[in-house]
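Visitor: Mapping the sequence shown onto the working numbering, position 229 (from 1) lands on 242, and the numbers just tick up by one.
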Amino acid sequence: MATARAGNGGVQSLQRAFELLERLADTGGEASLSELAASSGLPMPTIHRLIRTLVTLGYVRQNTNRRYALGARLIRLGEHASLQFGTWARPLLAELVDEVGETANLAVLERDEVVYVAQVASRRHSMRMFTEVGRRLLPHGTGVGKAMLATLPPDDVRALLARTGMPSYTDHTHTDVDTFVAHLEHIAEQGYALDESEQELGVRCIAVAVPDTPVPAAVSVSGPEGRLTDTMVRDIAPAVQRIAKRLSEQLTARLPVE
Numbered sequence: 014m015a016t017a018r019a020g021n022g023g024v025q026s027l028q029r030a031f032e033l034l035e036r037l038a039d040t041g042g043e044a045s046l047s048e049l050a051a052s053s054g055l056p057m058p059t060i061h062r063l064i065r066t067l068v069t070l071g072y073v074r075q076n077t078n079r080r081y082a083l084g085a086r087l088i089r090l091g092e093h094a095s096l097q098f099g100t101w102a103r104p105l106l107a108e109l110v111d112e113v114g115e116t117a118n119l120a121v122l123e124r125d126e127v128v129y130v131a132q133v134a135s136r137r138h139s140m141r142m143f144t145e146v147g148r149r150l151l152p153h154g155t156g157v158g159k160a161m162l163a164t165l166p167p168d169d170v171r172a173l174l175a176r177t178g179m180p181s182y183t184d185h186t187h188t189d190v191d192t193f194v195a196h197l198e199h200i201a202e203q204g205y206a207l208d209e210s211e212q213e214l215g216v217r218c219i220a221v222a223v224p225d226t227p228v229p230a231a232v233s234v235s236g237p238e239g240r241l242t243d244t245m246v247r248d249i250a251p252a253v254q255r256i257a258k259r260l261s262e263q264l265t266a267r268l269p270v271e
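#1: For valine 253 and valine 232, what's the separation of their Cα atoms in angstroms?
#2: Check each candidate in Gly154, Arg62, Arg124 and Gly158 and name the one with the smallest Cα separation from aspartate 184.
#3: How big is the Cα-Cα spacing for glutamine 25 and alanine 85?
#4: Please list the segments of the alpha helix (DSSP H) lying wholly inside the segment 18-79, counting only runs of 4 or more residues, in order along the chain.
#5: Counting only runs that start and end within the segment 169-203, where is the alpha helix (DSSP H) found for 4 or more residues in a row?
#6: Note down, one range per segment and in chain order, each beta strand (DSSP E) of at least 3 residues found wholly within the segment 114-157.
#7: In the DSSP assignment, find the unbroken beta strand (DSSP E) run with tyrosine 81 in it and report its ends.
#8: Checking 9 Å against the spacing of the C-beta atoms, do histidine 187 and glutamate 202 come in under that value?
#9: DSSP three-state label for aspartate 208, please.
#10: Between tyrosine 129 and alanine 120, is the Cβ-Cβ spacing less than 9 Å?
#11: With DSSP collapsed to three states, give me the class of arginine 217.
#12: Between Ala30, Arg29, Leu27 and Ala38, which lies nearest to proline 227 when the distance is taken from Cα to Cα?
#13: Indicate whether the contact test is met: 3 or more Cβ pairs, each with one atom in the segment 189-198 and one in the segment 211-226, closer than 8 Å.
#14: For valine 253, list the residues DSSP reports as bridge partners.
#15: Count the CB pairs spanning the segment 246-263 and the segment 217-227 that are closer than 8 Å, and state whether there are at least three.
#16: Pick from Gln132, Pro167, Ala102 and Arg36: whose alpha carbon is nearest that of glutamate 115?
#17: Is the beta carbon of aspartate 125 less than 9 Å from the beta carbon of proline 166?
#18: Residues in its own chain within less than 8 Å of threonine 66 by CB, not counting five upstream and five downstream?
#19: What first and last residue would you give for the beta strand (DSSP E) that runs through glycine 236?
#20: With 16 other CB atoms within 10 Å as the buried threshold, where does threonine 16 fall?
#21: Going by DSSP, what residues sit across from alanine 274 in a beta bridge?
#22: Can you give the Cα-Cα distance for valine 127 and alanine 160, rounded to whole angstroms?
What follows is the structure in structure tokens.
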């Protein structure tokens, strides 16, 4: 039997399967077959066949309420993709470290958590860092998390916070949803986020979202608040913004042309 191919030369069933996975992700990770049919425009028999295959492979699971959700097998793929993202981003992070003299980080938003995928330590200053590659944190208490959340619609942010809660890590951590959403609006206007000892006392962080990425991502510079003064923040922020833009450009260049 001949394999159906899409107009761009790809395999149509494969493209449709990935489209369904992305539709599930867009709905927050769970949907019914009828909701997938409505959002994708695909015939119900086609969706049923593709979903059944994805369930068998472990990329989709069926919940007890008969709705479908993203499967655990995707976690491994996502984690490896994130680490690869961090690997090729390291030269730009190293360039940022050379310019500003402080530690640089790259993080992505995965399953409602901030995941650090790359870090280049300062060559001028030794400092015990709370963050490390692979560490997962809730986004409301980190500079990178706030920078990423500031790019999302407020309703999506509220839904995420409803799932994660807003635990307090220090006396400076935001714990009120309405105040926090207003704070994100200020971050979006300012163009960068600050972590003011909100995750770890004595540590300040300047973070900028990486634009036009498939998943939310952000780059940051971290250091002791004694060195990252307000004057230093104003000097460093443009450099972080510039590296975030270059990361975006490099990532776009690596993505296939549709």
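Each residue gets a CB set at the ideal place from its N, CA and C atoms; glycine is no exception.
Guide: Judging by the given coordinates:
#1: 7 Å
#2: Gly154
#3: 24 Å
#4: 25-39, 46-53 and 57-70
#5: 190-203
#6: 116-123 and 126-133
#7: 81-83
#8: no
#9: strand
#10: yes
#11: strand
#12: Ala38
#13: no
#14: Looking at the DSSP assignment, valine 253 forms no beta bridge with any residue, so it has no partner.
#15: yes
#16: Gln132
#17: no
#18: Ala30
#19: 230-237
#20: Reliability fails at threonine 16, whose pLDDT of 43 lies under 50, so the model's placement of it is uncertain and the value that follows must be treated cautiously. The residue is exposed, with fewer than 16 neighbouring Cβ atoms inside 10 Å.
#21: Look at the range of the chain in this structure, 14 to 271, and you will see that residue 274 is not part of it.
#22: 11 Å
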